[in-house]
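Structure first, then comments.
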Amino acid sequence: KDRQHTFSFTDTWASHNEYIHFLRERLQEIKRILHPGGAIFFHCDRNASHHIRLLLDEVMGADKFRAEIIWHYRRWSNAQKNLLPAHQTIYYYTKSDQFTFNVLRQAYSPATNVDQILQRRKRDAAGKAIYDRDENGRIIPNGAKKGVPLSDVWDIPYLNPKAKERTGYPTQKPVLLLERIIQMASRENDLVLDPFCGSGTTLIAAALLNRRAIGIDISPEAIQLTQKRLQNPVKSESNLLQIGRDAYKNANRDALALLQGLDIVPVQRNKGIDAFLRDDINSNPIPIRVQRPNETIPETAASLYKAAKSKNAPVMFLVALQEGGYFPFGHELPPEIVVIDGPTISISRIVAQMKESLAV
-19 KDRQHTFSFT
-9 DTWASHNEYI
1 HFLRERLQEI
11 KRILHPGGAI
21 FFHCDRNASH
31 HIRLLLDEVM
41 GADKFRAEII
51 WHYRRWSNAQ
61 KNLLPAHQTI
71 YYYTKSDQFT
81 FNVLRQAYSP
91 ATNVDQILQR
101 RKRDAAGKAI
111 YDRDENGRII
121 PNGAKKGVPL
131 SDVWDIPYLN
141 PKAKERTGYP
151 TQKPVLLLER
161 IIQMASREND
171 LVLDPFCGSG
181 TTLIAAALLN
191 RRAIGIDISP
201 EAIQLTQKRL
211 QNPVKSESNL
221 LQIGRDAYKN
231 ANRDALALLQ
241 GLDIVPVQRN
251 KGIDAFLRDD
261 INSNPIPIRV
271 QRPNETIPET
281 AASLYKAAKS
291 KNAPVMFLVA
301 LQEGGYFPFG
311 HELPPEIVVI
321 DGPTISISRI
331 VAQMKESLAV
């Protein structure tokens, strides 16, 4: 249904052999026309995935297999005598060993601690990940915080029945899923082919990413639906991808809200640092701490300095939200800490100055 119509499949197969024969002919033709640096992504469910993996090895070559991508999602079901289905499989093959691959990165896991973000790692002789050290035994900083490379398990929500991009096509995929595939394996202005385009989601994703695209489908209704969608592309945004798994996050949201506009990496599981700038100074981190409503500036400074002093930070930013508080006699603000007035102090100060000037 495209909000008015319901679509269904008419293709049925007498046996797995008939289905595999159908696919083999088409895969051979796809391989023939595929660019030498191109890739193929084959989506399948649990009913035939094992057959299709063998077929792809046969046609594309087992040595051209790159990844088995698990598309993980949550769907509600009343299944009581089996495990709840929560993933589908996407096989990723290339035509040659020289292929386009763009490294995509995702946010650090909420379980990642500060040291894991800041410190560079390498593999030892046994293949185990260890912190990289210089000739003096000191841990080498990781430089700019870019996030972690994308894994082969993708958390992208299944389209809910009320999603704006939902058309009612039986196997419609989220635009977000196809966008990720296209971003990873192509460049702008490359040509993307979907030989079973259905409701046209691949073409929508390609258009949004400035790629050219060709879609093929045996159904005239599917072609009409695709053409209609291309005139007004709609993509459902995912709260899961935007804010992550909130249940595992303990970063201070109010503090992070004040830092909006800065390119930062939020810090979880640390009471002294709210975020690091994604940029750095000579590969050394730049931490930020926002004053809490119940803290004095000396207390905030102490928390920040305690958490950041071992990270070789050349500067530490403290965002002050209220004035007041004194350092103990003989103590002063560490030289690395730079105090910046937050909006509450800045606005209050400006208003007070305006009142004072009007009173004169």
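Sequential numbering from -19 applies to the sequence shown in our numbering. Cβ coordinates follow ideal geometry from the N, Cα and C atoms, glycine included.
Own chain, CB closer than 6 Å to residue i, minus 5 neighbours either side, in chain order
i: residue 267; result: 253, 256, 288, 293, 296
i: residue 324; result: 301
i: residue 261; result: 294
i: residue 226; result: At residue 226, the pLDDT of 47 sits below 50, so the modelled position is not reliable; the number obtained from the coordinates is stated separately. Cβ neighbours of residue 226 beyond the five flanking positions: none.
i: residue 76; result: 16
i: residue 20; result: 73
Residue interval of the beta strand (DSSP E) (run including residue i)
i: residue 234; result: Looking at the DSSP string, residue 234 is not in any beta strand (DSSP E); the run it does join, the alpha helix (DSSP H), is 233 to 238.
i: residue -4; result: No beta strand (DSSP E) contains residue -4, which is instead part of the alpha helix (DSSP H) from -4 to 13.
i: residue 43; result: Counting along the chain, residue 43 falls outside any beta strand (DSSP E), and DSSP gives it neither H nor E.
i: residue 133; result: 133 to 135
i: residue 282; result: Counting along the chain, residue 282 falls outside any beta strand (DSSP E), though it belongs to the alpha helix (DSSP H) covering 277 to 288.
i: residue 253; result: Careful: residue 253 lies outside any beta strand (DSSP E) and carries neither H nor E.
i: residue 318; result: 317 to 321
i: residue 214; result: Unbroken run through residue 214: none, as it is neither H nor E.
DSSP beta-bridge partners of residue i
i: residue 171; result: 192
i: residue 264; result: 261
i: residue 68; result: 51
i: residue 177; result: DSSP, once it has assigned bridges, lists no residue as partnering residue 177.
i: residue 245; result: 256
i: residue 74; result: 19
i: residue 298; result: 269, 319
i: residue 129; result: 85
7 Å CB neighbourhood of residue i in its chain, flanking five on each side removed
i: residue 220; result: Note on residue 220: pLDDT 48, under 50, position unreliable in the model; no value is reported.
i: residue 31; result: -4, 0
i: residue 328; result: none
i: residue 48; result: 69, 71, 132
i: residue 162; result: 172, 185, 186, 189, 191
i: residue 223; result: Low confidence applies here, because residue 223 scores a pLDDT of 49, under 50, leaving its location unreliable; read the following figure in that light. Excluding positions up to five away in sequence, the list is empty.
i: residue 333; result: none
i: residue 236; result: 246, 254, 255
i: residue 159; result: 185, 188, 189
Residues of its chain near residue i, where Cβ-Cβ distance is below 8 Å and the 5 sequence neighbours each way are ignored
i: residue 39; result: 4, 7, 8, 11
i: residue 168; result: 189, 190, 191
i: residue 25; result: 68, 69
i: residue 164; result: 81, 82, 84, 130
i: residue 66; result: 52, 53, 54, 55
i: residue 34; result: none
i: residue 37; result: 45
i: residue -7; result: -1, 2
i: residue 116; result: none
CB-CB length for residue i against residue j, believed under 8 Å
i: residue 210; j: residue 183; result: 6 Å
i: residue 74; j: residue 108; result: Not confirmed; about 29 Å, so no contact.
i: residue 299; j: residue 270; result: 4 Å
i: residue 68; j: residue 23; result: 7 Å
i: residue 181; j: residue 208; result: Wrong, their Cβ atoms sit about 13 Å apart, outside the cutoff.
i: residue 290; j: residue 251; result: 15 Å between Cβ atoms; not a contact.
i: residue 315; j: residue 285; result: Incorrect: roughly 10 Å between the Cβ atoms, too far for contact.
i: residue 51; j: residue 139; result: Actually they are not in contact, since the Cβ atoms of residue 51 and residue 139 sit about 12 Å apart, beyond 8 Å.
i: residue 312; j: residue 215; result: Going by Cβ atoms, the distance from residue 312 to residue 215 rounds to 53 Å, so no, they are not a contact pair.
i: residue 281; j: residue 320; result: About 12 Å; that fails the 8 Å criterion.
i: residue 238; j: residue 322; result: 6 Å
Distance cut-off 7 Å: residue i Cβ against heavy atoms of the ligand SAM
i: residue 71; result: With respect to the ligand SAM, the structure shown offers nothing to examine, as it has no ligands at all.
Boundaries of the alpha helix (DSSP H) in which residue i is found, first to last residue
i: residue 205; result: 200 to 211
i: residue 155; result: 155 to 165
Contact between the stretch 170 to 177 and the stretch 192 to 200 (3+ Cβ pairs under 8 Å): yes
task: Answer yes if the stretch -5 to 9 comes into contact with the stretch 60 to 77, meaning at least three C-beta pairs across the two stretches below 8 Å, and no otherwise.
output: When C-beta atoms of the stretch 60 to 77 are compared with those of the stretch -5 to 9, fewer than three pairs fall below 8 Å, so the two segments do not count as touching.
query: Pairing CB atoms from the stretch 240 to 248 with CB atoms from the stretch 269 to 285, are three or more of them under 8 Å?
result: With a cut-off of 8 Å, the stretch 269 to 285 and the stretch 240 to 248 do not count as touching, because too few Cβ pairs lie within range.
Segment contact, 8 Å Cβ cut-off, at least three pairs: the stretch 10 to 26 with the stretch 72 to 82: yes
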